[in-house]
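In our numbering, the protein residues as written are -7 to 92.
Report on the structure given below.
And the structure:
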């Protein structure tokens, strides 16, 4: 696939980029080079290659989700917190229904 000046002008208009006539002419070989490189990538045999999300494998360091029963450092005070709620339902803050 190759592009011409009209195609580059159309792409620039869609991207809301203002290019002068000289810039349009300069972009034609640039875009044709990019498209040739993409076509060259299509020739590579990738059968049996697993897709990657990153070059270096990352593993999240997780911790156990434990409720701290000490009332000074957190957890274990649900009833005290819900005592401040204007409406508590089933152990949670009750909120009015919002429908738009």
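Where is the CB? At the ideal position from N, CA and C, for every residue including glycine.
All values reported here derive from a predicted model rather than from experimental measurement.
**Study point:** Enclosing alpha helix (DSSP H) for residue 15 [first to last residue]
**Key:** The residue you call residue 15 lines up with position 23 of the chain shown. Unbroken alpha helix (DSSP H) run through residue 15: 13 to 33.
**Study point:** Counted within 10 angstroms of its Cβ, other Cβ atoms place residue 44 as buried (16 or more) or exposed
**Key:** As a first step, residue 44 is located in the chain shown; it is residue number 52 there, counting from the start. It is exposed - the Cβ of residue 44 has fewer than 16 other Cβ atoms within 10 Å.
Practice item. With residue -3 as the anchor, note down where its alpha helix (DSSP H) starts and where it stops. Key: The count along the chain shown starts at 1 and reaches residue -3 at position 5. From DSSP, the alpha helix (DSSP H) with residue -3 extends over -3 to 6.
Review point. How would you call residue 36, buried or exposed, if buried means at least 16 neighbouring beta carbons within 10 angstroms?
Key: As a position in the chain shown, residue 36 is number 44, starting the count at 1. Exposed, because fewer than 16 other Cβ atoms sit within 10 Å of the Cβ of residue 36.
Review point. Nearest-angstrom Cα distance between residue 82 and residue 58?
Key: One-based indexing of the chain shown puts residue 82 at position 90. One-based indexing of the chain shown puts residue 58 at position 66. Rounded to whole angstroms, residue 82 to residue 58 spans 21 Å at the Cα level.
Review point. With distances taken between CB atoms, is the gap from residue 0 to residue 20 smaller than 9 Å?
Key: Residue 0 sits at position 8 when you count from the first residue of the chain shown. Residue 20 sits at position 28 when you count from the first residue of the chain shown. Taking 9 Å as the Cβ cut-off, residue 0 and residue 20 qualify as a contacting pair.
Check your understanding: What are the boundary residues of the alpha helix (DSSP H) that residue 73 is part of?
Key -> Residue numbering aside, residue 73 sits at position 81 when the chain shown is read from its first letter. From DSSP, the alpha helix (DSSP H) with residue 73 extends over 70 to 74.
Review point. In the structure shown, what three-state DSSP assignment does residue 80 receive?
Key: Counted from its first residue, the chain shown places residue 80 at position 88. Here residue 80 sits in strand by DSSP.
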